[in-house]
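Undergrad:
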Amino acid sequence: MRDPQFPSGFFVRDTIVSRESIHLQVIDPSGQGVSSGGVFRFCGGRLLLVTATFLHPDLSAFDTLCPTVKNRSAETVLMGVKLFHPEGFSLSGGREILAPGELQRPNFPIECFGAYGTVQDWRNISRIEFSFAREKDYAGNEAIDVEFLGLEGESRQIRSGPRLAPQGLSQELVPAALGKPVSEIVSSIYSAENPAISIPPPHLYPKESADEILTGKIMGQIVGAPINWRANPLGSLEWTHFLHRHHFLRAFVIALAEKGDPRYAEALESIMCGWIAENPVPVDSNGGAGPAWETLSVGWRLREWLWVAGVTRGFESFREAARLRILCSIWEHARSLMDHEGHPNNWIIVESAALALAGLCFPGFRESGLWLGVGLERLDREFRRQFFSDGVHFEISPLYHSICLHALLEVKEVGEVAGQKLPELFGAPLERCTDYLQALCRPNFTWPSLNDSGSADMDYTMLMRKVGEIFQRPDLLWIGSRGSEGEPPEAGLKVFPDTGLAVMRSGFQPDANLLVFRAGLPGAAHVHEDILSLDLTALGVPRLVDPGITTYGPDPLTEHYRRAEAHNTVLIDGRGPSRSTMPFSDRIRPAGEEFSYQVGDGFCSATGSCRWSSGTDGDTCEVTRTVVFVDSRYWVVRDFVFGEGEHEIRVCWQFAPGLCKPGTESLVVQCFDPGGSGFELIPCFGDARPAFRWRTGSLNPVAGWVSMQGRDVPALSCDYTLKERLPVTQLWLLWPFAGISNVQRLERITTREGGTVLEIHFENRSCHAVAFRSEKRVSVDILR
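Going left to right, the sequence shown walks through residues 1 to 784 as the UniProt record's numbering numbers them.
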C-alpha cells in the first residue's frame with residue numbers, strides 16, 4: 001500500500017538500518033543496451049529483459065532492492081525483478097509502475113517476492129533479471145525506452161503488524177461505530193445456512209478438517225502450530241499463495257457453526273492475529289508476487305475473513321485486543337486494494353469485489369463509502385471489458401469464469417440485503433454468465449478444463465446451487481443439487497458465438513452424450529494451444545478430454561499441458577498455431593466467421609477454422625474442422641486442411657484415464673467401462689495408411705498425461721500422421737456403444753462436386769451416410 005502519510009503514532013513504518021550500492025555487471029540483451037558512464041539505456045518492443053551478475057553474489061545483508069530508473073517512453077512501463085538462487089528462483093511479479101519521464105526509485109522488498117524451488121534467503125544469487133513491459137492489454141506500438149542508473153540494497157528493521165496503530169484506527173472509524181464497526185448483515189449472510197459456505201476454494205490441494213488443521217496440517221503439508229507462514233514445502237509459489245489466502249479457515253468456520261466448540265474460535269483468533277503480526281503490509285509497494293500481500297491474495301483473504309466475521313458476530317467473540325488488530329488489518333487490506341490493481345483479468349474482479357464487500361460489510365470505517373463506490377465502479381468497468389456478449393469471461397477458462405461469477409454473486413447478495421443500488425450488470429447480464437457453466441456440465445457433474453482450469457474433473461456444483469438460488473433458476477439448482485432438486489436443463493446444441501464454442505448433448509441423464517467443441521479465440525490469459533479441440537463424454541463417461549493442468553510452476557508437464565499436441569486437435573508439420581503470443585486485442589477478438597453452426601433434421605453441427613504458418617518454409621495452411629452430432633448418438637469429425645505443397649498432417653487424441661486399447665492393425669481405439677459402456681475412435685483414411693503411435697505416462701518425450709484431482713495421471717494419448725499434398729480431408733467416427741460395438745466398417749466416398757461422404761455400415765446391414773457437400777463450404781446431410 002502507499003504510505004498514508006499519517007503521523008508516526010498513528011501508523012508504524014519500518015526503519016532503514018543501512019543502504020549501499022550493489023555493483024552489477026549488465027549482460028547486454030541482444031545488443032539493445034547502451035552504457036554511458038555506468039548508466040545503461042535499454043530500448044525494445046513490448047518486453048525487455050535485462051540480465052546482470054553481481055560482483056558479490058551474497059545479498060543476504062539486504063531485505064530490499066532499490067533500482068534507480070527513468071522511463072523515457074511516453075507511456076507507462078511495468079517493472080519487475082527476478083532473482084536466480086542455487087535451487088530455484090524468486091520473482092516480484094513485474095507490476096511496479098514506472099510513470100513516463102520521471103526518475104524513480106521503486107522498492108522491491110523481500111516480502112514481495114514469490115518463489116519456485118528451495119529459496120531460503122538472498123545468499124548466493126547467481127544473477128538478476130530486470131523486466132520492463134507494457135500492461136497485458138496494451139494496444140499501442142511504442143517501443144519501451146528505459147534508463148537504468150544503478151541498484152541499491154537496503155536493510156530494514158521490520159515492525160510487526162498491523163501498521164495502523166490504535167490511534168490511527170480511532171481516526172479511521174466513525175465515532176458512532178467505535179463499538180460496532182461491522183454491519184449486522186454480515187452475520188445474516190455469512191452463516192452456516194448460506195449454501196455458499198460449502199463452495200470449495202479454487203485449488204485442488206487436500207482440504208483438512210478443523211481438527212486436522214489444529215495439529216499443524218494444511219493443504220496436505222505439515223506447517224506447524226503455530227503456523228510457519230514462511231513454509232514452502234512443495235517449492236511452489238501457488239501453494240504459498242493459497243496458504244496466505246486463508247481458504248483453510250473455512251473449516252473452522254463450518255466447525256464452529258456446527259459444534260460451537262470454543263477451541264475453533266480460539267484457533268481463528270490465534271491464526272488471524274499471528275498472521276497479522278508476522279506479515280505487516282509492505283509500504284510503498286503493491287505487494288508484488290509475495291504470498292501475503294499480492295493484490296489477488298488480499299482480495300481472497302478479505303473475503304474469507306468475512307466468513308469469520310459472520311460466525312463470530314463481527315469478531316465480538318474475540319478478545320478486545322485481537323478484535324482491534326483485525327479491524328486495523330481490514331483497513332490495511334481495503335487501503336491496499338484502493339491503491340493497487342492487479343493483472344487486468346480475473347484478478348481485478350476478485351479484488352474489486354472484495355473492496356466493494358469491505359465497503360458494504362464494514363460501514364463503521366470513514367472510507368467505507370469510498371471503498372464501495374470504487375469497488376462497484378471497477379466491477380462495472382471490468383465486467384464490460386472482460387465478459388463477451390454471449391456471457392463468457394474473456395479468459396475462456398471455466399475455472400476463472402467461475403471465480404469471477406462467484407465474486408460478483410457475493411457482491412450482488414450482500415448489496416441487495418444491504419439495500420444498496422447496484423449497477424445494471426448485476427441483473428440480466430450476470431445471469432447470462434451462468435449459461436457457460438450450465439452448458440459445460442458433464443452428466444457426472446464434472447467440468448472440462450479449457451485453458452488453465454485446473455484438473456480435467458473440476459466440480460462447480462456448489463457454486464451452481466448458489467447461482468440457482470439467487471436467480472431462482474430450476475435448471476441451475478438441478479445441477480447444483482446433482483439432480484435431486486429443480487429441473488434438468490434442455491438438451492441439444494448450445495453455442496457461444498463470440499467465444500466460438502459449441503456444446504452438443506443428448507441430455508443430462510447419467511448415460512448422456514456430450515461434446516464440447518473449442519473453435520474460437522484463445523482468450524485474454526491462461527491460454528492453451530487448443531484451437532479446434534474437443535472434450536467428449538460418451539454414455540456418461542468422459543472419453544476424450546482436455547488434459548487440464550496441475551500446476552503453473554516451471555515443469556515439463558506444465559509446458560506439455562499447454563501445447564497443442566496435448567489436446568484433441570490437428571498439427572501441421574509438427575506444429576499448431578502459437579496463439580498465446582498473439583497481440584492481446586487479437587486474443588479476445590470475437591470468433592466471427594471462423595465459427596459457424598447448423599441444426600438439421602436429426603443432427604447438429606459446428607465448424608471452426610484456423611490459419612497458421614507451418615514448418616520452416618512459412619507456408620500458411622488453413623484447417624477447418626466440422627463436428628456433426630447425429631441422432632444424439634454419435635459424432636463424425638471432418639478435418640479439411642487447405643494449402644499448397646506437401647505437408648505432414650498429425651491428428652492428436654487425448655483419452656481420459658481408464659481402459660483403452662489401441663488397435664495396431666485396425667487403427668481403432670476402444671475404451672471400456674466396468675459399467676458396460678464403451679467408446680470407439682474410428683479413423684477413415686481411405687486407401688492411405690498413417691503412422692500410428694500411442695503413449696501412456698511418458699516422460700521422454702512428455703505425452704499421455706491428464707490432470708485429475710490435482711495429480712498428474714497417466715492416460716492414453718495417440719496420434720495419426722500422414723504426409724500428403726494439400727488439400728487433404730480426414731474423417732473420424734466417434735462412436736459410443738453399450739455392450740459390443742455394432743459398427744462393421746466405414747467407407748469414404750468423394751462426390752463429383754468435390755464433397756465427401758462417410759458411410760457407416762452396421763452389423764445389421766443398415767447404413768448411415770454423413771455427407772459434406774463441399775470442402776470449403778460446409779453443408780451436412782444425413783442419409784439413412
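No residue lacks a Cβ here, since even glycine has one placed at the ideal position from N, Cα and C. Just so you know, these numbers come straight off a predicted model, no measurement behind them.
1) Rounded to the nearest angstrom, what separates residue 341 and residue 180 at their Cα positions?
2) Smallest Cα separation from residue 462: which of 483, 449, 516, 456?
3) Taking residue 503 as the reference, give the member of 595, 294, 659, 587 with the closest Cα.
4) Should residue 510 and residue 540 be called a contact, given that it needs their Cβ atoms to be closer than 7 angstroms?
5) Between residue 220 and residue 22, what straight-line distance do the alpha-carbon atoms span, to the nearest angstrom?
6) Find the nearest neighbour of residue 13 within the set 647, 282, 654, 684, judged by alpha-carbon distance.
7) Are residue 301 and residue 245 touching if we call contact CB-CB under 7 angstroms?
8) Tell me which residues share the same chain as residue 131 and place their Cβ nearer than 6 angstroms to its Cβ, disregarding the 5 neighbours each side in the sequence.
9) Do residue 501 and residue 473 come within 7 angstroms of each other at the CB atom, strictly closer than that value?
10) Classify residue 629 as helix, strand or coil using the three-state DSSP reduction.
11) Is the distance from the Cβ of residue 52 to the Cβ of residue 24 below 7 angstroms?
12) Are residue 252 and residue 267 close, meaning C-beta to C-beta below 7 angstroms?
13) May I ask you to report which of helix, strand or coil DSSP gives residue 11?
14) Rounded to the nearest angstrom, what separates residue 163 and residue 372 at their Cα positions?
15) Pairing CB atoms from the stretch 646-656 with CB atoms from the stretch 702-719, are three or more of them under 8 angstroms?
16) Let's see if you can read the secondary structure: which residues bound the beta strand (DSSP E) around residue 735?
17) When we look at the beta-carbon of residue 664 and count the other beta-carbons within 10 Å, is it buried (16 or more) or exposed?
18) Buried or exposed for residue 19, going by 16 or more other Cβ atoms inside 10 Å?
19) Would you report the Cα separation of residue 468 and residue 433, rounded to the nearest angstrom?
20) Would you give the residue range spanned by the beta strand (DSSP E) that residue 768 belongs to?
21) For residue 31, does the three-state DSSP call read helix, strand or coil?
22) Just to check my reading of the structure: residue 78 and residue 96 have Cβ atoms closer than 8 angstroms, yes? What is that Cβ distance to the nearest angstrom?
23) CA-CA distance, residue 572 and residue 233?
24) Over the uninterrupted beta strand (DSSP E) stretch that includes residue 761, give me the two end residues.
25) Does the stretch 127-143 touch the stretch 1-13, meaning 3 or more C-beta pairs lie closer than 8 angstroms?
26) Curious, which full-length beta strand (DSSP E) runs of at least 3 residues does the stretch 369-430 contain?
27) Identify the residues that DSSP records as bridge partners of residue 103: which are they?
28) What three-state label does DSSP hand residue 39 in the structure shown?
29) What does the alpha-carbon distance come out to for the pair residue 788 and residue 565?
30) Shorter than 7 angstroms from the beta carbon of residue 396 to some beta carbon of chain C?
31) Would you call residue 222 buried or exposed, if buried means 16 or more other Cβ atoms sit within 10 Å of its Cβ?
32) Relative to the alpha-carbon of residue 456, which residue among 705, 272, 699 has its alpha-carbon at the smallest distance?
33) Closer than 7 angstroms by C-beta to residue 119: which residues in its own chain qualify, once you throw out the five before and the five after it? Chain order, please.
34) Which same chain residues end up closer than 7 angstroms to residue 812 when comparing Cβ atoms and leaving out the 5 residues on each side of it in sequence?
35) When the Cα atoms are used, what is the spatial distance from residue 329 to residue 270?
36) When we look at the beta-carbon of residue 148 and count the other beta-carbons within 10 Å, is it buried (16 or more) or exposed?
TA: Taking the definition as stated:
1) On the sequence shown, residue 341 is found 341 positions in, with the first residue counted as 1. On the sequence shown, residue 180 is found 180 positions in, with the first residue counted as 1. Answer to the nearest angstrom: the Cα atoms are 29 angstroms apart.
2) Looking up residue 462 in the sequence shown gives position 462. The residue with the shortest Cα to Cα distance from residue 462 is 483.
3) Position 503 of the sequence shown, counted from the first residue, corresponds to residue 503. Nearest of 595, 294, 659, 587 to residue 503, Cα basis: 595.
4) On the sequence shown, residue 510 is found 510 positions in, with the first residue counted as 1. On the sequence shown, residue 540 is found 540 positions in, with the first residue counted as 1. Cβ distance < 7 angstroms, so residue 510 and residue 540 count as in contact.
5) As a position in the sequence shown, residue 220 is number 220, starting the count at 1. As a position in the sequence shown, residue 22 is number 22, starting the count at 1. A direct Cα-to-Cα measurement between residue 220 and residue 22 gives close to 40 angstroms.
6) Position 13 of the sequence shown, counted from the first residue, corresponds to residue 13. Cα-wise, what sits closest to residue 13 is 282.
7) Numbered from 1 along the sequence shown, position 301 holds the residue referred to as residue 301. Numbered from 1 along the sequence shown, position 245 holds the residue referred to as residue 245. Using a Cβ distance threshold of 7 angstroms, residue 301 and residue 245 count as a contacting pair.
8) Position 131 of the sequence shown, counted from the start, is the residue given in the question as residue 131. 49, 80, 94.
9) Counted from its first residue, the sequence shown places residue 473 at position 473. Counted from its first residue, the sequence shown places residue 501 at position 501. In this structure, residue 501 does not lie closer than 7 angstroms to residue 473 by Cβ.
10) Along the sequence shown, read from residue 1 onward, the residue named residue 629 stands at position 629. Looking at residue 629 - three-state DSSP - the assignment turns out to be strand.
11) Your numbering for residue 52 matches position 52 in the sequence shown. Your numbering for residue 24 matches position 24 in the sequence shown. In this structure, the beta-carbon distance from residue 52 to residue 24 falls below 7 angstroms.
12) Residue numbering aside, residue 252 sits at position 252 when the sequence shown is read from its first letter. Residue numbering aside, residue 267 sits at position 267 when the sequence shown is read from its first letter. Residue 267 is positioned such that its CB atom lies closer than 7 angstroms to that of residue 252.
13) Taking the first residue of the sequence shown as 1, we reach residue 11 at position 11. Correct three-state label for residue 11: strand.
14) Against the sequence shown, residue 163 aligns to sequence position 163. Against the sequence shown, residue 372 aligns to sequence position 372. Going from the Cα of residue 163 to the Cα of residue 372 covers about 23 angstroms.
15) By the Cβ criterion, the stretch 646-656 is in contact with the stretch 702-719, since at least three pairs of Cβ atoms, one from each stretch, lie closer than 8 angstroms.
16) Against the sequence shown, residue 735 aligns to sequence position 735. For residue 735, the enclosing beta strand (DSSP E) covers residues 728-738.
17) Locating residue 664 in the sequence shown gives position 664, where the first residue counts as 1. With a 10 Å radius around the Cβ and a threshold of 16 neighbouring Cβ atoms, residue 664 comes out exposed.
18) Sequence index remark: in the sequence shown, residue 19 carries index 19 (1-based). Per the 10 Å Cβ criterion, exposed.
19) Residue mapping note: residue 468 aligns to position 468 of the sequence shown, counting from 1. Residue mapping note: residue 433 aligns to position 433 of the sequence shown, counting from 1. As the crow flies, the alpha-carbon of residue 468 is around 12 angstroms from that of residue 433.
20) Against the sequence shown, residue 768 aligns to sequence position 768. According to the DSSP assignment, residue 768 belongs to the beta strand (DSSP E) that extends over 767-772.
21) Within the sequence shown, the letter at position 31 stands for residue 31. Its pLDDT being 45, under 50, residue 31 is placed unreliably in this model, and the coordinates cannot settle the point.
22) Position 78 of the sequence shown, counting from 1, holds the residue named residue 78. Position 96 of the sequence shown, counting from 1, holds the residue named residue 96. 7 angstroms between Cβ atoms; contact.
23) The residue you call residue 572 lines up with position 572 of the sequence shown. The residue you call residue 233 lines up with position 233 of the sequence shown. Their Cα atoms are separated by approximately 41 angstroms.
24) For this step, residue 761 is matched to residue 761 along the sequence shown. For residue 761, the enclosing beta strand (DSSP E) has its first and last residue at 756-762.
25) Result no; under three Cβ-Cβ pairs closer than 8 angstroms.
26) Counting whole runs of 3 or more residues, the stretch 369-430 contains no beta strand (DSSP E) stretch at all.
27) What you label residue 103 is simply residue 103 of the sequence shown in a count that begins at 1. Partner(s): 70.
28) On the sequence shown, position 39 is the one that residue 39 refers to. Strand at residue 39.
29) The first residue shown for the chain is 1 and the last is 784, placing residue 788 beyond what the model contains.
30) Here chain C cannot be found, since the structure has a single protein chain.
31) As a first step, residue 222 must be located in the sequence shown, where it is residue number 222. Its Cβ having fewer than 16 others within 10 Å, residue 222 is exposed.
32) As a first step, residue 456 must be located in the sequence shown, where it is residue number 456. Ranking the options by Cα distance to residue 456, first place goes to 705.
33) Locating residue 119 in the sequence shown gives position 119, where the first residue counts as 1. If we look at residue 119 and ignore the five residues flanking it on each side, its Cβ neighbours are 85, 88, 90.
34) Residue 812 is absent from the structure shown; the chain starts at 1 and stops at 784.
35) By 1-based counting over the sequence shown, the position of residue 329 is 329. By 1-based counting over the sequence shown, the position of residue 270 is 270. Answer to the nearest angstrom: the Cα atoms are 14 angstroms apart.
36) Residue mapping note: residue 148 aligns to position 148 of the sequence shown, counting from 1. Around the beta carbon of residue 148, a 10 Å sphere encloses 16 or more other beta carbons of the protein chains shown; the residue is thus reported as buried.
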